[in-house]
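Trainee: Residue numbers (our numbering), protein chains in the order written: chain A, 9 to 121; chain B, 71 to 179. Where is the CB? At the ideal position from N, CA and C, for every residue including glycine. Since the structure is predicted, the reported quantities are computational estimates derived from the model, not experimental observations.
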Amino acid sequence: DAGITQSPRYKITETGRQVTLMCHQTWSHSYMFWYRQDLGHGLRLIYYSAAADITDKGEVPDGYVVSRSKTENFPLTLESATRSQTSVYFCASSERSALYEQYFGPGTRLTVT
Amino acid sequence: QKEVEQNSGPLSVPEGAIASLNCTYSDRGSQSFFWYRQYSGKSPELIMFIYSNGDKEDGRFTAQLNKASQYVSLLIRDSQPSDSATYLCAVNGDNDMRFGAGTRLTVKP
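(1) Under the three-state reduction of DSSP, which class applies to residue 151 of chain B: helix, strand or coil?
(2) Would you kindly work out how many angstroms separate the C-alpha atoms of residue 113 of chain B and residue 158 of chain B, rounded to a whole number?
(3) Give the secondary structure of residue 130 of chain B by DSSP, where H, G and I count as helix, E and B as strand, and everything else as coil.
(4) Going along the chain, which residues of its own chain have a beta-carbon closer than 8 Å to the beta-carbon of residue 63 of chain A, five neighbours each way excluded?
(5) Give a yes or no on whether the C-beta atoms belonging to residue 10 of chain A and residue 163 of chain B are separated by under 8 Å.
(6) Using the three-state DSSP reduction, which class does residue 143 of chain B fall into: helix, strand or coil?
(7) Please list, in chain order, the chain B residues whose beta carbon lies closer than 8 Å to that of residue 49 of chain A.
(8) Taking the alpha-carbon positions, what's the residue 110 of chain A to residue 108 of chain B distance?
(9) Can you pull the DSSP bridge partners for residue 14 of chain A?
(10) Mind checking residue 44 of chain A: buried by the 16 CB within 10 Å criterion, or exposed?
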């Protein structure tokens, strides 16, 4: 049982480039989430999805785009990467809503030069 | 802004002692409370969740919730060096989960 996986695990990209971070879960959880984690800020929600084709903004959505055509996948795209988007990105999933526990993927460390 | 506050630490305790981690939250409507452990360079790992006022015990861990005071804590009994990590408190919002910045715990042998 793979659980929740993210790819790539590490990525270096240049300012202005588009980059997509992938998230895949095998639990058939309805809810999926994208967070970024930065020193001094903790985990901040970027976007979440309650089901396939249903997405909504979190606390820090600017500069990011998400889609969810299949329940198991929730890719996060940085349309034009900026240095301020250098961070560690975590995907998480939950069987039900934010009232219930979330399980995290291993993370993607993204560096924008 | 719905806030979750934690003392950033570091909190240092000797091996075998009780470690006490505290968290306050601002949204009185919150119903679900979680503690995650995060080792350096790793992802957050769920330790416990609590929904009702009072104590909830799981092995060496006890979560305590006081909704009137908007306070949740985590006690780790018989602390081990392997418990050294950052502990994140999380509280549900309307459609999301808000995290504190975490408390770094060091257990010294």
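Mentor: From the atom records:
(1) helix
(2) 11 Å
(3) coil
(4) 55, 56, 57, 74, 75, 76
(5) no
(6) strand
(7) Against residue 49 of chain A, the close residues of chain B are 171, in the order they occur along the chain (beta-carbon pairs closer than 8 Å).
(8) 14 Å
(9) A:31
(10) buried
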